[in-house]
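Report on the following structure.
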Amino acid sequence: MRKNIIAGNWKMNKTFDEASELSRLIARDYADCTSVDIVLCPSFTSIKAVSDIVSETQIQIGAQNFSHEDDGAFTGEISYTMLKDLFVKYVILGHSERREFFGETDDLINKKLIKALDKNLKPIVCVGESLNERENGVTKDIIKNQIDSCLLNIPSEKFSEIIIAYEPVWAIGTGKTATAEQAQDVHSFIRQRINDQFGSDAANIVRIQYGGSMKASNAKELLTQPDIDGGLIGGASLDAQSFGEIVKIAIG
Ligand code: 13P
Numbered sequence: 412m413r414k415n416i417i418a419g420n421w422k423m424n425k426t427f428d429e430a431s432e433l434s435r436l437i438a439r440d441y442a443d444c445t446s447v448d449i450v451l452c453p454s455f456t457s458i459k460a461v462s463d464i465v466s467e468t469q470i471q472i473g474a475q476n477f478s479h480e481d482d483g484a485f486t487g488e489i490s491y492t493m494l495k496d497l498f499v500k501y502v503i504l505g506h507s508e509r510r511e512f513f514g515e516t517d518d519l520i521n522k523k524l525i526k527a528l529d530k531n532l533k534p535i536v537c538v539g540e541s542l543n544e545r546e547n548g549v550t551k552d553i554i555k556n557q558i559d560s561c562l563l564n565i566p567s568e569k570f571s572e573i574i575i576a577y578e579p580v581w582a583i584g585t586g587k588t589a590t591a592e593q594a595q596d597v598h599s600f601i602r603q604r605i606n607d608q609f610g611s612d613a614a615n616i617v618r619i620q621y622g623g624s625m626k627a628s629n630a631k632e633l634l635t636q637p638d639i640d641g642g643l644i645g646g647a648s649l650d651a652q653s654f655g656e657i658v659k660i661a662i663g
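The sequence shown begins at 412 in our numbering and counts up by one.
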């Protein structure tokens, strides 16, 4: 049985004070939650504040990105040591916004994934097709390529630490959600691909989140699909009540 993981990707939202307030409200209601993994991913400037606020709770912190380099002359980058210093446990890799606006490639995401696993940060690896790709009927080709390239050379025994997030690009921030059937179809395809490449233990243990306009009104049908193990939530994670409602549904 895989535990649901509900992660809030706050993206480039919330000032220091706003992030502190949001995390305080979530911690007030879900501090002791162990039946679902709750992860908050604030911007870098708020990680310290949020990390302090949730330090005595079951809630974990994720970063939205990091560098595959250890340290040195890489202006503007953030290293794993900086994250671990602030008790960050998860890191989102290859979000479609980073692919689209900052030129991140599968090859770079693979380097970051290898570094994250080596340094005991749990990676949330994002994959997903664009609207054009879905309309052209190549969704599974795209997903297969992303999975194969991003997960290149990853040892099978690491899949208990890896989270895959299926985020159809056309569903992100648009209010359009994949139907539960569409999402389940791709999730089961991803699990099958991992089965073929890395074996059944890896496929059974890896958690696959759905992301793309998930909210309280559609969370139940998505989260009850057999291959959907949680959500990576954008917009609805910016409000404690909306996020809390999704967590409650994931708890069941
Ligand atoms: P929305 O929930 O705002 O569609 O964003 C999803 C997402 O990109 C999470 O990483």
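Think of the CB as a built atom: it goes at the ideal place given N, C-alpha and C, for glycine as much as any other residue. Since the model is a prediction, treat every value here as computed from it, not as a measurement.
Per DSSP, the continuous alpha helix (DSSP H) segment holding Ile-554 begins and ends at 550-561. Between Ala-418 and Leu-643, the beta carbon gap of about 5 angstroms places them in contact (Cβ cut-off 8 angstroms). With fewer than 16 neighbouring CB atoms inside 10 Å of its own CB, Asn-543 falls in the exposed class. Going by C-alpha positions, Ile-583 is about 9 angstroms away from Ser-507. The region 515-529 makes no contact with the region 439-453, as fewer than three CB pairs between them are under 8 angstroms.
Here the C-alpha atom of Phe-498 lies approximately 22 angstroms from the C-alpha atom of Arg-618. Boundaries for Asn-543: no beta strand (DSSP E) harbours it, while the alpha helix (DSSP H) harbouring it runs 542-546, taken from the DSSP string.
For Glu-572, the CB contacts under 7 angstroms within the same chain, skipping 5 residues up- and downstream, are Leu-528, Lys-533 in chain order. If you draw a straight line from the Cα of Gly-473 to the Cα of Gly-505, it is about 14 angstroms long.
For Ile-616, the secondary structure class from DSSP, reduced to helix, strand or coil, is helix. Taking 8 angstroms as the upper bound for CB-CB distance, Lys-523 and Phe-570 are not in contact here, some 17 angstroms apart. For the options His-479, Gln-475, Asp-440, the alpha carbon positioned closest to that of Val-465 is the one of Asp-440. Taking Ile-470 as reference, the option from Ala-484, Pro-453, Gly-483, Glu-480 with the minimal CA-CA separation is Pro-453. Comparing alpha-carbon positions, the option among Asp-428, Val-450, Asp-463, Cys-537 lying closest to Phe-654 turns out to be Val-450.
Within 6 angstroms of the C-beta of Ile-619 there is not a single heavy atom belonging to the ligand 13P. In the DSSP assignment, Ala-647 falls outside any beta strand (DSSP E) and carries neither an H nor an E.
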